[in-house]
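Comments concern the structure below.
In the working numbering, the protein residues as written are 193 to 307.
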């Protein structure tokens, strides 16, 4: 299954993982897209509150640019750099062309919707 990720006016597609967190996220998006205000954190990721908790299956992971993960059951994190931590993987951006430019250096609004 694919996810649309809109940052500013640039669309990206994301290949979703198969796990309970993704199932719950997809169910949330069946009614409407999810809009998350994301703040820059440590110069390698954007973090935003989902507003609800999802089931997690955290494991020690080294992320790469384009990874989208769940942190603390209720935070969505999108990476433009790398980090090693315990996350639940949600998906990965298919084509990173323009990814870092779209994310910029400050806070962003990201809209997640079903493809």
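Using N, Cα and C, we set each Cβ at its ideal position, and we do this for glycine too. Owing to the predicted nature of the structure, the values given are computational and were not obtained by experimental measurement.
- Annotated as proximal: residue 304 and residue 195, with beta-carbon spacing under 8 Å.
- Within the region 233 to 297, the complete beta strand (DSSP E) segments at least 3 residues long are 237 to 241, 251 to 255, 259 to 263, 267 to 271 and 275 to 285, listed from N- to C-terminus.
- Less than 8 Å divides the Cβ of residue 280 from the Cβ of residue 213.
- Following the DSSP letters along the chain, one finds residue 206 inside the beta strand (DSSP E) bounded by residues 202 to 208.
- When the alpha-carbon of residue 245 is set against those of 218, 236, 264 and 257, the nearest one is in 264.
- Within 10 angstroms of the beta-carbon of residue 276 lie fewer than 16 other beta-carbons, which makes it exposed.
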